[in-house]
Amino acid sequence: MNVRDDDDAPPAQPGGGGPGGGGAPSLGPGGPSASDPGTAESADAPAGFVDVDASSVHAASVEALFAAGVTAGCGTEPLRFCPDRAVSRAEMASFLVRALDLGQT
C-alpha cells in the first residue's frame, strides 16, 4: 500500500474524492450494481469494481470495506477501486474513522 505523507491534503470522502481520486462522488453501500445499466462490469470484479480481480487474495477484503461503507472506490463511471493509487495520511485517517465507527469530531 502506498501512503503519502501529505498533511495538507483535503480529507478523503467516502467516494474517494481526495487527491488523485478524480473528485468522484460518494457511493457508499448500495452503489451501482450489475443490474444498473450504466455500470460497466467485468466478470472478475467483485461488487462492481472493474479494477479488482475476483481471484485476488484481496478481493473479499475490498468487498467487505465497500459493504461496510469504509470506502466507495475512486470513480463511478465505471465503478473503480484504484488499487494502485497512493493513499494520503488524511485519507487513511478517514478510512480508520469509518472502519472503527469513531464518528466525526
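Numbering (the numbering used here), first residue to last: 11 to 115. Where a beta carbon is used, it is the ideal one built from N, C-alpha and C, also for glycine.
In or out: residue i buried (at least 16 other Cβ within 10 Å) or exposed?
| i | result |
| --- | --- |
| Val-62 | buried |
| Ser-104 | buried |
| Glu-101 | buried |
What span of residues does the alpha helix (DSSP H) with residue i cover, start to end?
| i | result |
| --- | --- |
| Glu-101 | 99 to 109 |
| Glu-73 | 69 to 77 |
Nearest to residue i by CA position, among the options, is which residue?
| i | options | result |
| --- | --- | --- |
| Ser-92 | Ala-100, Ser-104, Ser-98 and Gly-83 | Reading off the sequence shown, one finds Cys at residue 92, where the question assumed Ser. Closest by alpha carbon: Gly-83. |
How many whole angstroms separate the CB atoms of residue i and residue j, which I take to be in contact at a CB cut-off of 8 Å?
| i | j | result |
| --- | --- | --- |
| Val-60 | Arg-90 | 6 Å |
With contact counted as at least three CB pairs below 8 Å, one residue from each stretch, are the region 74 to 92 and the region 100 to 109 in contact? yes
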